[in-house]
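Visitor: My questions all concern the structure below.
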Amino acid sequence: MTDQTLMWRIAGGSGDGIDSTSQNFAKALMRSGLNVFTHRHYPSRIRGGHTYVEVRASNEPVRSRGDGFNFLLALGDSFARSEQDGAYYGNEKVKPLTESLADLNEGGVVLYDTGFFEEADIAEIRLEERAEENGWHVYPMDLRGLAREHGREVMRNTAGVGAAAALLGQDTGYFEELVREAMSGEVMEANLTILEMAYEQASEFEFSHDLRVPTGGHDTDQALMSGSNAIAYAALDSGCRFIAGYPMTPWTDVFTIMSQNLSEFGGVAEQVEDEIAAASLAIGASHAGVKSMSGSSGGGFALMSEPLGLAEMTETPLVLVEAMRAGPSTGMPTKTEQADLEHVLYTSQGDSNRVVFAPGNLEEAYEQTRTAFQVAYDYQIPAILLYDQKLGGEMRNVDVDFFDREPDPSLGATLTEEEISEAAHHESGKFERYRHDPDDGVSPRSVPGQTGGRFLASGNEHNAVGHISEDPDNRKAQMDRRVRKLERVRAELDDSEHSHQTHHGPADADLGMLVWGSQQDTVFEAVDRLNAAGHEVKALGVSDMLPYPETEVRGFLESVRECVVVEMNATGQFRGLTQKELGQYGEKLASLLKYDGEAFEPGEVVEGFESSIDGGQPAAGNMRFVPAAGD
Amino acid sequence: MTDQTLMWRIAGGSGDGIDSTSQNFAKALMRSGLNVFTHRHYPSRIRGGHTYVEVRASNEPVRSRGDGFNFLLALGDSFARSEQDGAYYGNEKVKPLTESLADLNEGGVVLYDTGFFEEADIAEIRLEERAEENGWHVYPMDLRGLAREHGREVMRNTAGVGAAAALLGQDTGYFEELVREAMSGEVMEANLTILEMAYEQASEFEFSHDLRVPTGGHDTDQALMSGSNAIAYAALDSGCRFIAGYPMTPWTDVFTIMSQNLSEFGGVAEQVEDEIAAASLAIGASHAGVKSMSGSSGGGFALMSEPLGLAEMTETPLVLVEAMRAGPSTGMPTKTEQADLEHVLYTSQGDSNRVVFAPGNLEEAYEQTRTAFQVAYDYQIPAILLYDQKLGGEMRNVDVDFFDREPDPSLGATLTEEEISEAAHHESGKFERYRHDPDDGVSPRSVPGQTGGRFLASGNEHNAVGHISEDPDNRKAQMDRRVRKLERVRAELDDSEHSHQTHHGPADADLGMLVWGSQQDTVFEAVDRLNAAGHEVKALGVSDMLPYPETEVRGFLESVRECVVVEMNATGQFRGLTQKELGQYGEKLASLLKYDGEAFEPGEVVEGFESSIDGGQPAAGNMRFVPAAGD
Amino acid sequence: MSTFTAIGEDREIDQEEFTPGVEPQATWCPGCGDFGVLKALKGAMPEVGRTPDETLLVTGIGCSGKLSSYFESYGFHSIHGRALPVARAAKLANPGLEVIAAGGDGDGYGIGGNHFMHTARENHDMTYIVFNNEIFGLTKGQTSPTSPKGHESKTQPHGSAKDPVRPMSLSLASGASYVARTAAVNPRQAQEILVEAIQHDGFAHIDFLTQCPTWNKDAKEYVPYTDIQDSDEFDLDTGDRREAAETMYEAESRLYEGEVLTGRFYHDPDRPSYGEEKRAQGDVPEEPVAERYFEDGEWERTADRLIDRHT
Amino acid sequence: MSTFTAIGEDREIDQEEFTPGVEPQATWCPGCGDFGVLKALKGAMPEVGRTPDETLLVTGIGCSGKLSSYFESYGFHSIHGRALPVARAAKLANPGLEVIAAGGDGDGYGIGGNHFMHTARENHDMTYIVFNNEIFGLTKGQTSPTSPKGHESKTQPHGSAKDPVRPMSLSLASGASYVARTAAVNPRQAQEILVEAIQHDGFAHIDFLTQCPTWNKDAKEYVPYTDIQDSDEFDLDTGDRREAAETMYEAESRLYEGEVLTGRFYHDPDRPSYGEEKRAQGDVPEEPVAERYFEDGEWERTADRLIDRHT
Ligand SMILES: Cc1ncc(C[n+]2csc(CCOP(=O)(O)OP(=O)(O)O)c2C)c(N)n1
Ligand SMILES: Cc1ncc(C[n+]2csc(CCOP(=O)(O)OP(=O)(O)O)c2C)c(N)n1
Ligand code: SF4
Ligand code: SF4
Ligand SMILES: [Mg+2]
Ligand SMILES: [Mg+2]
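Protein chains in written order, with numbering that gives the first Met the number 0: chain A, 0 to 630; chain B, 0 to 630; chain C, 0 to 310; chain D, 0 to 310.
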């Protein structure tokens with residue numbers, strides 16, 4: 000597929016509007032009938048520092064970033080620091096060009112702003128020579144000058160888009176439409192002029208390249224959105240009407256979307272003093288009868304460790320989302336990783352009693368967030384949606400129809416006053432909210448303010464009415480009941496029509512790949528390519544982290560001879576989880592790991608897989624290959 | 000061994016001085032030449048509520064509580080709540096008798112205070128009948144009256160000890176000695192009188208029982224102490240001169256011992272606002288060049304999750320101790336459990352990079368705390384000592400010579416100013432504290448105030464001088480270096496003369512038990528009994544949780560046909576860890592679990608094991624048996 | 000029929016309704032000041048006219064935290080230091096509830112200090128009772144943030160080198176709109192103050208002096224005390240922030256000199272509570288959010304409201 | 000030769016020594032107030048006579064937290080809200096160090112509020128600079144605890160319903176012994192105040208107003224400002240706690256009315272620092288604990304001191 004897709008990169012500095020420009024670009028292509036997929040790269044810095052977004056577009060489905068890219072629009076970092084003796088950050092000014100060129104595919108197109116990159120810069124980086132070597136097609140244009148002349152300097156992004164459209168043979172109609180929708184008055188006029196002028200000016204180049212925007216058409220209406228949108232929207236559709244949080248990259252996206260919409264949906268959004276408070280508030284609101292959530296990333300989620308245990312022990316329904324970024328500690332705040340799996344599974348003292356889903360893409364993010372709410376309220380257990388910077392931030396088109404769903408306002412195992420009056424009470428009149436006997440482990444709850452539902456919710460071990468109890472028999476009965484809930488959740492998930500696990504590739508292949516979370520669709524693309532190249536390989540994308548889908552994974556592993564587990568962390572956490580849960584297959588499982596902050600490209604997975612079946616050659620680039628235990 | 004040992008229980012209410020009385024009793028028996036071992040049971044309540052301590056004493060080594068007990072001194076709970084309609088706590092007053100009698104062995108001796116338990120109470124609990132059924136020998140005595148008459152009511156404990164001595168054929172010399180050492184003036188006199196009087200009065204009973212205090216003799220001087228003592232003393236001997244903490248049961252013991260002694264040892268102890276601060280202070284002090292520790296239990300340790308990651312990322316040496324109690328959440332604060340293993344291994348975002356030891360008994364607690372400091376400072380990595388309420392609180396005699404050790408004031412991989420001046424610096428003059436190149440992963444550090452050692456310690460990913468860096472290649476190199484340290488620690492531990500893992504039982508047995516932490520010596524006693532009863536079984540006590548002792552455990556598991564993993568939690572965490580690390584043996588590993596707050600008794604392990612080789616019969620009592628995956 | 004029929008029920012309330020059947024007798028030590036809080040609270044409830052079923056009592060961890068075991072109502076025995084965030088969310092979720100939070104001096108001024116400060120700042124409509132016994136009771140007698148300087152304990156063998164916190168001053172500086180101090184030995188005043196605090200629409204903070212005879216034997220039993228409202232020395236206008244600040248400072252200082260000043264220190268009836276502010280600006284609905292789940296009615300869909308933006 | 004030769008070195012110090020070779024140019028946005036803090040701090044160091052090698056700068060997380068990247072000294076870039084506990088332990092470990100902590104208004108008054116309160120209470124000898132830009136800078140412009148009421152942001156689309164915290168009032172009520180406010184636009188005063196704060200033996204808190212042109216465009220650029228020490232309206236005795244309290248309250252209120260009052264608000268030179276208290280009572284040794292590890296000398300053994308008790 001690589002060859003037919005446009006892989007367009009816009010590069011500049013943080014604060015240069017790269018993000019919104021790329022979104023517009025993607026939306027325009029989507030409206031033109033293409034499938035689009037974006038990949039963002041940005042530093043933990045507000046202004047300046049090399050940032051880029053890639054838009055991959057094709058008339059076939061695109062579910063992953065590509066390998067490298069084939070069109071560069073280099074705008075320049077307007078907040079670059081000047082070079083200084085002894086400083087290791089070097090010449091920041093030329094980075095949007097230099098750093099991007101390192102990944103530009105052979106035969107790629109370069110459009111750069113001569114209003115920004117001076118001749119000396121271009122000479123310094125030997126652009127001409129390198130273009131020759133790599134067969135690049137270079138188009139220098141004074142975008143900044145054009146923008147200044149017809150509007151303001153910041154509009155050079157618009158100029159870049161106009162010129163890119165010309166070079167790619169796409170007319171500017173959809174871009175114009177977006178400008179008209181988003182702006183008005185003079186600003187709109189100036190942007191339209193600049194778009195037009197840039198298009199015309201670029202059209203005058205003699206095109207030496209063949210790359211063009213493909214044409215396509217959608218059968219149904221499409222929406223462009225990110226994984227964070229999908230998660231937040233699923234929460235709203237699940238009847239979630241309370242969120243408490245504290246900003247932290249990349250979880251902030253979900254928190255912001257919820258905060259911006261909750262009051263319209265009749266709910267409450269609270270930004271509070273820290274994450275301990277955030278989780279505690281979500282517990283308090285849920286206890287009082289409102290479907291609630293909180294979430295965070297990295298250290299913020301670490302601070303929720305103790306309240307998470309409180310939710311487990313009091314059986315307060317709760318949904319938390321955790322957006323991973325590269326750790327440990329503050330790590331690399333804007334870079335992606337899948338290294339919080341074990342933390343999320345096990346943090347908080349005592350045997351953990353929670354549900355953890357790690358969706359593989361945008362649709363799964365929506366579906367599994369909804370399941371998380373359903374499970375949390377039906378089983379009175381914390382449910383955690385684990386995703387990462389990549390999935391949260393990447394944008395994709397999705398069928399509008401996908402969202403045509405019924406809302407779910409059910410509070411799950413919560414009684415009405417009428418039901419309470421018929422339910423078991425201790426002779427003292429207290430409601431038996433924590434009875435030992437329910438088969439499925441779920442003892443329905445009441446809500447404060449309901450007549451006759453009084454009970455005590457306590458983080459201490461407690462008896463049927465919630466009072467502190469250290470009696471060993473009660474203890475065992477309560478623990479057994481709480482543990483039992485997870486078995487039932489597993490059974491329900493196994494029974495459901497749609498498994499959260501996704502199979503890809505020929506069922507009879509005897510080589511396998513296991514993948515979880517955001518790397519899923521990348522691996523699936525790699526699987527397609529591998530099969531196309533003559534390998535026989537299939538993949539299983541796993542989302543249920545806890546309770547673990549033992550039967551499904553066991554079935555998959557039994558059917559293959561060797562299996563590579565692909566994940567973005569340094570210690571092979573999901574491979575470890577699989578070995579823990581299954582107690583075997585160590586001799587079949589190898590790991591392909593990456594933990595440098597950059598997600599896998601499909602080509603890297605192909606390469607890593609090929610080197611692995613070669614008997615465990617060291618993986619190229621920044622990947623690491625850990626052979627199977629038996630090897 | 001059960002039959003020759005005295006298993007003496009003193010029972011009363013919290014705040015009735017049960018603890019100190021039992022310690023004196025144990026010390027007196029130790030001085031008399033016996034080996035002693037105590038087991039404490041107490042509620043999370045300051046005054047009142049059934050509490051007891053068992054002292055097991057023998058002329059052979061005792062390393063575990065016994066099965067049940069054979070002598071009861073029932074003092075009565077002086078803070079018992081009176082019965083009330085509808086209250087489920089029942090008649091608290093008689094609990095020291097009733098609840099204890101449930102565990103009293105056949106043929107046991109009962110000494111109870113008629114000054115406390117009235118005739119009606121005794122009738123209510125049908126003591127006479129039950130004594131007949133069980134062959135108990137009952138001696139009622141007015142201890143309270145005696146104490147009142149010759150001193151104060153609280154001295155009834157002394158009366159109880161005197162009477163018990165008489166019934167057990169032990170003269171009161173050692174008890175007198177202890178009274179003289181601890182008290183003076185009138186209080187001493189009164190206690191001595193009461194001791195004497197009670198002894199005489201009890202001597203007048205016609206003894207129907209055979210149980211006597213065994214006689215023994217120690218070759219070397221003995222000290223009576225708890226696991227918490229051993230941990231704190233190892234820290235002091237390791238040159239630890241800074242502790243920060245916040246009280247929490249049961250970690251408070253170590254914190255208190257350190258706080259009481261540190262200023263004499265020239266160090267600093269800080270009780271601070273919360274556990275986040277506590278861990279952060281320990282990091283700050285260690286960074287500034289003082290060997291430091293902190294610690295907590297349950298929720299307090301959960302709050303240290305984020306600072307723990309900071310120590311990993313900044314490579315600040317740090318020792319934390321975690322004292323487990325029954326969770327989740329506040330759980331049962333005074334009850335023991337081994338359910339924080341996964342939490343301690345994995346809490347904090349990102350791939351975890353720490354060392355975790357779980358000692359199996361008092362000597363191991365001392366040794367491994369010392370190793371923890373050594374590893375933490377040599378490898379600049381957090382080292383966690385994981386133990387539990389049981390190990391921290393149980394008292395035992397130990398050779399005084401055991402403590403005749405050299406102190407270890409080494410700061411590990413820390414440079415002097417002279418060494419710094421010869422070490423690598425960035426051209427800007429900044430010290431390269433985080434170089435990629437060290438083979439063992441350890442890049443030596445400087446300490447603030449040293450000339451020429453300036454660097455930045457950052458929780459963000461950083462380059463050689465510590466500056467924030469998001470460069471993928473640097474990232475990979477730094478991660479690889481940090482991960483590498485653990486491999487080296489494993490190699491060093493494997494090379495060391497004394498493994499932290501302990502083998503027990505006949506080497507050629509083909510059935511095995513795996514155990515970790517505080518249950519080790521109980522399982523070893525069970526192994527002895529099983530072999531004595533004709534089984535062929537051996538056990539491995541594992542202490543290295545991370546880095547996991549793969550070779551040793553693999554060797555052990557290869558040598559057995561079936562293996563039961565014995566641990567105190569509901570989900571088989573150590574079994575899971577073993578499967579994760581080894582990627583196989585699931586079909587050999589069964590779990591014997593207990594999680595009702597009470598440690599295993601050796602007899603329970605025997606029983607559990609026997610039912611397991613019987614093909615996985617459900618375990619008796621509050622145990623749970625989980626058969627192997629393949630079954 | 001409304002969903003929460005207990006809320007706003009208008010009937011005679013008997014203080015015995017607040018004595019639980021299951022754990023009627025507290026496990027506090029004999030002579031513990033905590034009994035005084037329980038008694039005053041039971042006495043206050045009928046006066047304010049709220050029933051057990053419409054009251055949510057959220058407590059922290061400590062001897063004090065066990066209040067929710069011995070007081071009959073909906074209860075939430077949370078974790079150490081976190082009663083306030085749990086409580087304030089419950090109030091936002093269902094403003095009809097009477098929400099009371101309680102905990103110890105360690106719980107509230109130590110580990111929970113930040114929530115205390117921010118909950119006061121935001122002026123959530125709730126009552127916060129801090130059992131101030133100048134000690135960590137449940138963990139067996141360590142120095143607490145209100146222990147006097149020089150206080151010796153197991154963890155402070157040379158005596159604490161720390162000045163105690165000034166709870167009322169902090170409360171006021173943070174933004175609490177009702178601040179009082181009372182003492183367990185002063186049952187009548189305690190009950191009156193609790194009534195006022197519960198009736199107050201905003202964050203009402205009560206520093207409740209509770210003796211701990213078990214671990215804090217040296218501490219005063221908080222008698223004799225002076226009620227500043229009755230005293231000739233003070234002529235405090237509790238509506239005047241400056242005067243309040245000075246009087247609190249006095250009271251906080253003198254406590255460690257053996258003089259116990261209690262009473263109302265500050266009361267601003269006009270400052271709107273956080274819930275009122277949020278409702279006024281249309282940030283949260285007028286109807287309790289919790290009620291919607293039990294009622295029939297349309298639920299908003301993202302399909303109708305949000306997806307369009309993305310096309 | 001002493002172990003820490005950098006400590007107490009007596010030599011001319013050039014302010015350029017505090018400019019790092021490796022990251023000499025900050026990544027803050029053009030016009031950011033944070034540059035003002037960096038400049039004032041670089042200027043203050045030669046005046047107080049401390050060198051980069053004897054200075055430990057501990058920062059939190061935020062744009063402000065990056066100060067330790069751009070200031071040459073020993074640095075510790077900790078985690079969000081935890082600069083103070085890290086810093087104060089380093090000072091206890093080695094009192095010879097000049098310890099400075101810094102962070103943002105979110106870092107210090109939001110998530111780190113409890114450490115702020117308790118570090119002030121304990122009066123640790125260190126300087127604490129809070130970059131108060133009334134916003135969360137690094138996370139892209141959310142409402143912070145000092146944002147004005149009504150402040151609109153992505154997470155507060157209807158405007159914040161919360162009154163801002165009063166950082167100086169809290170600091171004083173908590174026990175800080177030096178409290179000042181300055182502004183990035185006021186470089187001379189800022190440097191003078193930093194010099195005083197660093198020289199002060201106790202907890203010195205500086206609320207440093209730093210404009211954030213990127214996210215807080217509406218906020219005042221903190222000009223014109225009034226130096227209360229130069230103003231006719233105020234005649235503050237900075238040694239008088241009451242007056243200080245009132246003046247702080249004024250300054251905090253007026254900030255949101257467009258009037259920027261800066262200067263020294265409180266200074267108690269007599270209150271002993273925590274380290275002094277602890278040393279005086281024999282709780283910690285006179286010699287810096289950190290030094291012992293580098294010196295020859297006997298190390299105590301539990302075998303000699305403690306085991307006897309157990310026999
Ligand atoms: C996170 C955490 N840290 C520590 C503890 C242990 N702990 C329980 S109660 C308590 C302090 C009790 O003091 P206070 O809050 O004053 O309550 P009191 O018992 O005096 O009423 C502590 C430290 C805990 N439960 N959780
Ligand atoms: C525990 C935790 N929660 C959240 C974050 C995300 N975060 C980083 S900086 C910041 C706030 C920044 O605001 P402020 O402290 O005022 O500093 P400024 O950037 O304005 O200087 C937040 C919320 C984090 N790093 N850690
Ligand atoms: S320890 Fe103190 S505070 Fe706790 S119950 Fe006993 S007297 Fe009350
Ligand atoms: S975002 Fe604001 S505070 Fe951060 S660097 Fe930019 S201007 Fe400064
Ligand atoms: Mg207290
Ligand atoms: Mg800020």
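The C-beta atom is built at its ideal place from N, Cα and C for all residues, glycine as well.
DSSP three-state label for H149 of chain A, please.
Guide: Reduced to three states, the DSSP call for H149 of chain A is helix.
Visitor: Measure from the alpha carbon of P316 of chain A to the alpha carbon of each residue in A:C562, A:Y138, A:P306, then state which is nearest.
Guide: Selected option, being the one with the closest Cα: A:P306.
Visitor: Could you check whether M247 of chain A and G297 of chain A sit closer than 8 Å to each other, using their CB atoms as the reference points?
Guide: Yes, these two residues count as a Cβ contact at 8 Å.
Visitor: Look at the alpha carbon of P213 of chain A and the alpha carbon of A162 of chain A, and state the distance between them as a whole number of angstroms.
Guide: The alpha-carbon atoms of P213 of chain A and A162 of chain A are separated by roughly 17 Å.
Visitor: Apart from the five residues on each side of it in sequence, which residues of its chain come closer than 6 Å, Cβ to Cβ, to L385 of chain B?
Guide: Taken in chain order, the residues that qualify are E321, V343, V355, A357.
Visitor: Verify the contact flag: P246 of chain B, CB atom, against every heavy atom of ligand 1, threshold strictly below 7 Å.
Guide: P246 of chain B: yes, Cβ under 7 Å from ligand 1.
Visitor: Just to check, is the beta-carbon of G35 of chain C closer than 7 Å to a non-hydrogen atom of ligand 1?
Guide: No - ligand 1 has no heavy atom lying nearer than 7 Å to the Cβ of G35 of chain C.
Visitor: Using a Cβ-Cβ cut-off of 8 Å, state whether H204 of chain D counts as contacting chain B.
Guide: Not an interface residue.
Visitor: E561 of chain B by DSSP, collapsed to three states: which one?
Guide: Three-state result, E561 of chain B: strand.
Visitor: Excluding the 5 residues flanking N122 of chain D on each side, which residues of the same chain have their C-beta closer than 7 Å to its C-beta?
Guide: If we look at N122 of chain D and ignore the five residues flanking it on each side, its Cβ neighbours are G174, S176, G201, F202, R270, S272, Y273.
Visitor: Does any heavy atom of ligand 3 sit closer than 7 Å to the C-beta of R46 of chain B?
Guide: Yes; taking the cut-off as 7 Å, the Cβ of R46 of chain B has a heavy atom of ligand 3 nearer than that.
Visitor: Which chain D residues are close to S262 of chain B, counting only those with a beta carbon under 7 Å from its beta carbon?
Guide: Near S262 of chain B (Cβ distances below 7 Å), the residues of chain D are G281, D282, V283.
Visitor: Give a yes or no on contact between the stretch 462 to 469 of chain B and the stretch 334 to 341 of chain B, applying the rule of three or more CB pairs nearer than 8 Å.
Guide: Contact between the stretch 462 to 469 of chain B and the stretch 334 to 341 of chain B is absent, because fewer than three Cβ pairs lie under 8 Å.
Visitor: Given a threshold of 16 other Cβ atoms within 10 Å of its Cβ, counted over all protein chains shown, does R241 of chain C qualify as buried or as exposed?
Guide: Flag for R241 of chain C reads exposed.
Visitor: Tell me whether S252 of chain D sits in a helix, a strand or coil according to DSSP, three-state version.
Guide: If DSSP states are grouped into helix, strand and coil, S252 of chain D belongs with the helices.
Visitor: To the nearest angstrom, how far is the alpha carbon of S207 of chain B from that of A146 of chain B?
Guide: Taking the straight line joining both Cα atoms gives about 26 Å.
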